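The opening residue of the sequence shown carries number 223 in my numbering; numbering runs sequentially from there. Backbone N, C-alpha and C fix where the C-beta goes; we use that ideal spot for every residue, glycine too. Fair warning: this is a prediction, and the values are worked out from it, not measured in the lab. Report on the structure given below.
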Amino acid sequence: MAIIQPDFKFEDLGIGGLDKEFSAIFRRAFASRIFPPSIVEKLGIQHCKGILLYGPPGTGKTLMARQIGKMLNAREPIIVNGPEILNKYVGQSEENVRKLFAEAEKEYKARGDESSLHIIIFDELDAICKQRGGKNDGTGVGDSVVNQLLAKMDGVEQLNNILIIGMTNRKDMIDEALLRPGRLEVHMEISLPDQHGRVQILKIHTAKMRENHLLAPDVDIDELASLTKNFSGAEIAGFVRSASTFAFSRHIKGGTTATVNEDVENIKICQSDFLHALEEVHPSFGVSDAELQLCVQNGIIPFSEDIDRILKDGSLFVEQVKNSNHTPLVSVLLHGKNINIIVF
């Protein structure tokens, strides 16, 4: 049986800006599963058992994980919110982990490599898989859960019909043993969408408006994508909802009782509605270029060698964070005398 649904189309996922990530996940996690088990055995490789999706909140990690199940000829994914695993009774948290693998183990014993794929999705993985040996909650339950999960993923009785997808906003908090090859070996960062991604997301969230001819001709998706820099996918969805409320308000009659105008069928979402929405929906990440330019309208003047050195060092730190896999965060302290300069 084909692992990919024969009538599957990427457009049907309703996720924008993640084409590259989907292609990489397919190559690394699913390509080997398309081939007959005998071919894979001759190659001497094992299927990927785990994927970790990480990045800021609202960028589409949960949606992406859920939609992966739709593109596969696999059983309905088991979706678990991390904290749901934890239990106050001794041994119950570990038992909850074992139960997640029970169906896959039963089928693998009966059918071997011919069994169907079982997908387990862990949301908020960092809540249950923190670094072992730390303080945690003082009970050691967190360590036991990690140990149990490791045992199920690559213990004595290894399963080839399991795929685990973990999601987190804090990759740095997850126990390193889980991130090694053979476990959650595919690490995929789901970051803020770029210009092209924002265009795709805006088109997805305005598709119904466009389909029902409720999107005014003056709406410029490319311009809106440029204006929503640093917005996550969830924030863009909120931005579109906010714009629609301005259109609603134009068709509400005033008075003691709010009623809808008779011409409500002619409602249109205009470019001005989106521009008004920008005033009340702001990105959680990054700094608006417009706000930054207001602070440095005439640029930064290197009036001394010290200022020039600080600017050069600051640029190097920015490049380091952008390009290095080992320093995702760099903290810088600027210190000196508090001098007020008054210019007449």
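C-alpha gap between Ile-564 and Lys-534, whole angstroms: For Ile-564, the pLDDT reaches just 45, beneath the cut-off of 50, and the residue's location in the model is therefore unreliable, leaving the point undetermined.
Beta carbon of His-499 nearer than 8 Å to that of Ser-464: Looking at the sequence provided, one finds Ala at residue 499 rather than His. Yes, the pair counts as a contact, with Cβ atoms nearer than the cut-off.
Rounded straight-line distance, which links the Cα of Leu-401 to that of Phe-257: Approximately 26 Å between the Cα atoms of the pair.
Segment contact, 8 Å Cβ cut-off, at least three pairs: the stretch 480-492 with the stretch 432-445: Taking a cut-off of 8 Å for Cβ pairs, the stretch 480-492 and the stretch 432-445 touch, as three or more such pairs fall below it.
Beta-carbon spacing of Ile-350, Leu-322 below 8 Å: No, the Cβ-Cβ distance between Ile-350 and Leu-322 is not below 8 Å.
Anticipated Cβ contact below 8 Å, Ile-396 with Asp-348, distance rounded: The Cβ separation is near 6 Å, so the contact holds.
Outcome for Asp-405 when other beta-carbon atoms lying within 10 angstroms are tallied against a minimum of 16: The question names Asp, but residue 405 is Arg in the sequence shown. It counts as buried.
Reduced DSSP secondary structure (H/G/I, E/B, other) of Gly-205: What the structure shows of the chain is the stretch from 223 to 566, and residue 205 is not part of that stretch, so it cannot be assessed.
Range covered by the beta strand (DSSP E) that runs through Ile-342: First-last of the beta strand (DSSP E) with Ile-342: 340-345.
6 Å CB neighbourhood of Ile-529 in its chain, flanking five on each side removed: Once the five neighbours on either side are set aside, Ile-529 has no close Cβ partner at all.
Residue from Asn-318, Ile-341 and Val-518 with nearest C-alpha to Cys-567: Given that the chain is displayed from residue 223 to residue 566, the structure contains no residue 567 and the question cannot be resolved.
Endpoints, beta strand (DSSP E) assigned at Thr-467: Careful: Thr-467 lies outside any beta strand (DSSP E), inside the alpha helix (DSSP H) at 455-472.
Where the alpha helix (DSSP H) containing Leu-265 begins and where it ends: That run of the alpha helix (DSSP H) goes 259-265.
Presumed contact (8 Å Cβ cut-off) between Gln-268 and Asn-382, rounded CB distance: Cβ atoms of Gln-268 and Asn-382 come within 8 Å of each other, at about 7 Å.
Start and end residues, alpha helix (DSSP H) containing Met-431: Run containing Met-431: 429-433, per the alpha helix (DSSP H) assignment.
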